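Quick note on numbering: the working numbering labels position 48 of the sequence shown as 992, and the sequence is numbered without any gaps. In this text, a Cβ means the ideal position worked out from N, Cα and C, and glycines have one as well. None of these values were measured; they are calculated from a predicted model.
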Amino acid sequence: MGSSLDAWVSRDDWASTWPRADTRVAKPPELIFCGVSGCGKSTIGRRVARELRTPFVEGDDLHVSGNIANMEAGRPLSDNDRLPWLTALSARLGAMAVETGGVMACSALKRVYRTALASASADVYFVLLAIEKEAALERVSHRADHFMPSELVDSQFDQFEPLAPEEPGIVLDALADPDENVKRTLDFIIQLRA
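Structure follows, in structure tokens:
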């Protein structure tokens, strides 16, 4: 039996629920920096948004308080827990598509989550920052200002589904020099617009 999330993503009217970007308008696409906690999606995403002079959305800021409390307590989120979050992220992406384009950081661990997010705009691309579990654990264990405890990194790797070849986007090495990852992302956008 499917989850509420599966039903939400597979709705027949999905394509008409969010405003579409006019792809003739010269604007940056909607970029979603994704990956497990500690991969650097917020750090690199903010830098790319600054370079593009577009808004940056921190996906963690759109979690409902109950989800944050669960994560702080070391409880992984279910698909149904994530549904209000994905709805809020999709709404924000739809608004960015109509207005300015933009950059978002969110885990988007599963393909079904990425499918839901990509449906918010015709111009969504994923930038997956790939990292090994040990490196992610090391990074998360040194963060003092985030609700995600290092104990949940394992659960994120358990849920993680790599970006499939047919999904729009690129995969970067999270441990590469940040300047190089910013440059590779900007080069990717230039290729998209060529």
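Can we count ALA1013 as close to the ligand NAP, meaning its CB is less than 7 Å from some heavy atom?
-> The ligand NAP is absent from the structure shown, which contains no ligands of any kind.
Check ALA1079 in the structure and name its three-state DSSP category.
-> For ALA1079, the secondary structure class from DSSP, reduced to helix, strand or coil, is helix.
Anticipated Cβ contact below 8 Å, GLY1113 with LEU1107, distance rounded | The pair is a contact, with the Cβ atoms about 6 Å apart (cut-off 8 Å).
Residue range of the unbroken alpha helix (DSSP H) whose run includes LEU996 = For LEU996, the enclosing alpha helix (DSSP H) covers residues 985-996.
Identify, in the order they occur along the chain, each residue of the same chain with its Cβ nearer than 8 Å to the Cβ of SER1034, setting aside the five sequence neighbours on each side.
-> TRP962, ALA1060, LEU1061, SER1063, ALA1064.
Three CB pairs or more closer than 8 Å across the segment 1001-1019 and the segment 1072-1079 = Segment contact: the segment 1001-1019 against the segment 1072-1079, fewer than three CB-CB distances shorter than 8 Å; contact not assigned.
Own chain, CB closer than 7 Å to ALA1049, minus 5 neighbours either side, in chain order = The answer, listed in chain order, is PHE977, LYS985, SER986, GLY989, GLU1002, GLY1003.
Using a Cβ-Cβ cut-off of 6 Å (strictly less than) and excluding sequence neighbours within five positions of ASP1025, which residues of its own chain qualify?
-> Contacts found: ASN1011.
What residue range is occupied by the uninterrupted beta strand (DSSP E) comprising ASP1067?
-> For ASP1067, no beta strand (DSSP E) encloses it, and the DSSP letter there is neither H nor E.
Could you give the distance in angstroms between the alpha-carbon of ASP1023 and the alpha-carbon of GLU1105?
-> The straight-line gap from Cα to Cα measures roughly 14 Å.
Inter-residue CB distance, GLU1095 and ARG1058 (contact presumed, cutoff 8 Å) = At roughly 25 Å, the Cβ-Cβ gap does not stay under 8 Å, so GLU1095 and ARG1058 are not in contact.
Whose C-beta lies closer than 6 Å to the C-beta of PRO972 among residues of the same chain, with five residues either side of it excluded?
-> For PRO972, the CB contacts under 6 Å within the same chain, skipping 5 residues up- and downstream, are LEU996, THR998, GLY1045 in chain order.
Roughly how many angstroms lie between the CA atoms of LEU1116 and ASP1123, to the nearest whole one?
-> Within the model, the alpha-carbon separation for LEU1116 versus ASP1123 is close to 12 Å.
Which residue from CYS983, PRO1109, TRP1029 puts its Cα closest to that of GLU1082?
-> When only C-alpha atoms are compared, the closest one is CYS983.
Starting from GLU974, follow the beta strand (DSSP E) in both directions and report where the run begins and ends.
-> Per DSSP, the continuous beta strand (DSSP E) segment holding GLU974 begins and ends at 974-978.
Where the alpha helix (DSSP H) containing GLU1124 begins and where it ends = For GLU1124, the enclosing alpha helix (DSSP H) covers residues 1122-1137.
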